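Protein chains: 2
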Amino acid sequence: MTSLLDSTKDRILAAAEELFARTGVARTSLRAITALARVNLAAVNYHFGSKEGLVEEVYRRRLEPLNRARLLNLERLERRARKPSLEDVLEAFMSPVAQLARDPAQGGPTVMRLLGQTHAEAEEPFKAWFAGEYKRVLERYHAALCRTLPGIPPEDVRWRLQFLVGALTYPVAERQLVELVSGEAMDPADVNQVVERLLPFVAAGFRVPPGTPKPARRATRRRPKVTRNS
Amino acid sequence: MTSLLDSTKDRILAAAEELFARTGVARTSLRAITALARVNLAAVNYHFGSKEGLVEEVYRRRLEPLNRARLLNLERLERRARKPSLEDVLEAFMSPVAQLARDPAQGGPTVMRLLGQTHAEAEEPFKAWFAGEYKRVLERYHAALCRTLPGIPPEDVRWRLQFLVGALTYPVAERQLVELVSGEAMDPADVNQVVERLLPFVAAGFRVPPGTPKPARRATRRRPKVTRNS
DNA sequence: CCTACCATTAAACGGTTGTTTCAAACAGGC
DNA sequence: GCCTGTTTGAAACAACCGTTTAATGGTAGG
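If you're matching them up, the sequences are chains A and B in order.
With numbering that gives the first Met the number 0, the residue at position 37 of the first sequence is 36, and numbering never jumps.
With numbering that gives the first Met the number 0, the residue at position 93 of the second sequence is 92, and numbering never jumps.
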């Protein structure tokens, strides 16, 4: 049995999560983790087999509930109404992110920085698992979005879903950068704001009629190009 | 004088760029770089002072032209018409990305993966420089966007600009993940598609009237339901 | 020719990495 | 109690890291 109080395993997970989110996986040594967790160095290899094993567990612990909530939300939504609104579907996808960030027991705001670093970090086998999980969710939402948006070709919906993921991931992940650029500190509670502000933004984007390949350029651009200094 | 043919310096830069984009900076050793470049290990420290120096040069070489093109595009746009259209401004911001990705001499598609890894990687001093450069560009575009979008509060414009950056960065950066999820390989030439498809998407988002704080919540979907405080 | 000077080479440096070892401390079942 | 299996502790392991050194090759200027 592992956990009534903060077991060794839990403390390692918490410390690793904190450091991974702050510095990235590759730059975080096991010694830094075990020092922060006040745990012996060997405990990591004992409990998780290897650093890779620890990394997988840290991410899995957060990503699994997130994706499960997303799928559950959509399921519940479709059971309630055969034709949910676009906004409902989008909120079902985005709100679990805010929920996670709000609950310190589930990682709090730290977990969002983790998500942003997911892709750059991680070794091959874990990356494959992660992509597989994510694919299931995105496929499911793609189908749901196509249903609420007849008239938009599925391929367009797929692209726009990618845009949504990017717009959602980037601001919460690159918090440090966002702060520097905006001059304003981003409160952890502002993850709600991200969702609230992003929802109408992407909703409008999803509804754009397809197939207008080029937005009309006012007057033909006479001299198209740049000062090539190559 | 360094460069008539592929000098040592150039080969190091090319190899480093390739490996940084593929594996990330932290996971890429100088030995891997010099092996790929078929160059002596010490050459890196000789030409760039340190690994950090090399990292900075690799990124600077690509980011500087990108940001310069963005600023130049906007300048030229505003000189031509005092009130450029929203689409024009957005294209001025996004098109240099596609241009870079199209030109192998400027890094080609590889450079996009670099951009995506920018934030997670990099040490403090370089990060500060990068954020400063980026901030200048974003501030400039923020002002331009506010001018084309009177009626949208500047703070909303700022958020939406963040969304744009995220939506633009993510799909081109996480190419591997996108491929896995979409099942389709993303051709380097498709960076054009990203821009073409993203432009109308975000344009619609930017035009959304502000101040609709909550999209209708769960039970009542029909009613606009504009209750909630700000 | 010789002398500076820059570029390149091979080898080694100290430090940190993830991982392992082995003994000690601990738990609960009989 | 004693015993079995699990968990922790301090120390050591080999491998790799970024960096430095010292000697070399090559080339332009005097």
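Ideal Cβ placement from N, Cα and C applies to all residues, glycine included.
The structure displayed is predicted, hence computed values, not measured ones.
Item: Rounded separation between B:Leu113 and B:Arg10 - CA only; Value: 17 Å
Item: Whole-angstrom C-beta distance between B:Thr109 and B:Glu16, which should lie under 8 Å; Value: 6 Å
Item: Proximity of B:Leu29 and B:Ala14 at Cβ, strictly below 7 Å; Value: no
Item: B:Leu163 and A:Phe162 closer than 7 Å at C-beta; Value: no
Item: Ordered list of beta strand (DSSP E) runs contained in the stretch 62-129 of chain B, each at least 3 residues; Value: none
Item: Per-residue burial, A:Asn44 [other beta carbons within 10 Å of its own, 16 or more giving buried]; Value: exposed
Item: Listed by chain order, chain B residues near A:Gln98 by CB distance under 7 Å; Value: What A:Gln98 touches in chain B: nothing, since even the nearest Cβ is about 14 Å away.
Item: Residue closest to A:Glu55, alpha-carbon to alpha-carbon, out of A:Glu77, A:Val38, A:Asn66 and A:Lys126; Value: A:Lys126
Item: Burial state of B:Pro103 (16 or more Cβ within 10 Å); Value: exposed
Item: Minimum C-alpha distance to B:Gln116 - residue among B:Asp155, B:Glu138 and B:Leu62; Value: B:Leu62
Item: A:Ile32 and A:Leu18 closer than 7 Å at C-beta; Value: yes
Item: Beta-carbon neighbours of B:Leu197, restricted to chain A and to distances below 7 Å; Value: Phe162
Item: Cβ-based neighbour list, B:Val201, same chain, cut-off 6 Å, excluding 5 preceding and 5 following; Value: Leu163
Item: Cutoff 8 Å; reference A:His141; Cβ partners in own chain excluding five residues on either side; Value: Pro153, Val156, Arg157 and Leu160
Item: Proximity below 7 Å, CB of B:Val96 to CB of B:Leu144; Value: no
Item: Counted within 10 angstroms of its Cβ, other Cβ atoms place A:Arg69 as buried (16 or more) or exposed; Value: buried
Item: Unbroken alpha helix (DSSP H) run spanning B:Pro199, endpoints; Value: Val190 to Arg206
Item: Terminal residues of the alpha helix (DSSP H) in which A:Thr7 lies; Value: Thr7 to Thr22
Item: Contact set between A:Val88 and chain B, taken where Cβ atoms lie within less than 7 Å; Value: Residues of chain B passing the Cβ test: none, with the nearest at roughly 11 Å.
Item: Buried/exposed call for A:Ala80, threshold 16 Cβ in 10 Å; Value: exposed
Item: Within chain A, partners of B:Ala25 - CB distance below 7 Å; Value: Gly23, Ala25 and Arg26
Item: Neighbour-count burial assignment, B:Ala41, 16 or more Cβ in a 10 Å radius; Value: exposed
Item: Rounded C-alpha distance that separates A:Leu99 from B:Glu77; Value: 43 Å
Item: With 16 other Cβ atoms within 10 Å as the buried cut-off, status of B:Glu90; Value: buried
Item: Whole-angstrom distance between B:Arg101 and B:Pro187, CA atom to CA atom; Value: The predicted position of B:Pro187 is uncertain, since its pLDDT is 48 and thus under 50; a value taken from the coordinates is nonetheless stated next. Whole-angstrom Cα-Cα distance: 7 Å.
Item: Contact set for A:Leu148: own chain, Cβ-Cβ below 8 Å, skip 5 residues either direction; Value: Leu85, Val156, Phe205 and Arg206
Item: For A:Tyr169 and B:Tyr58, believed in contact at Cβ under 8 Å, the rounded distance; Value: About 18 Å separates the two Cβ atoms, so there is no contact after all.
Item: Contact list for A:Val201 against chain B, beta-carbon separation under 7 Å; Value: Gly204
Item: Sub-7 Å separation of A:Asn66 and A:Val136 beta-carbons; Value: yes
Item: Contacts around A:Pro209, its chain only, beta-carbon distance under 6 Å, and the 5 residues preceding and following it disregarded; Value: Ile151, Pro152 and Asp155
Item: Start and end residues, alpha helix (DSSP H) containing B:Val38; Value: Careful: B:Val38 lies outside any alpha helix (DSSP H) and carries neither H nor E.
Item: Contacting residues, own chain, Cβ-Cβ under 6 Å from B:His46 (five flanking each side not counted); Value: Lys8
Item: Exposure label - A:Pro83; buried when at least 16 CB within 10 Å; Value: buried
Item: Test: A:Ala142 CB closer than 7 Å to a CB of chain B; Value: no
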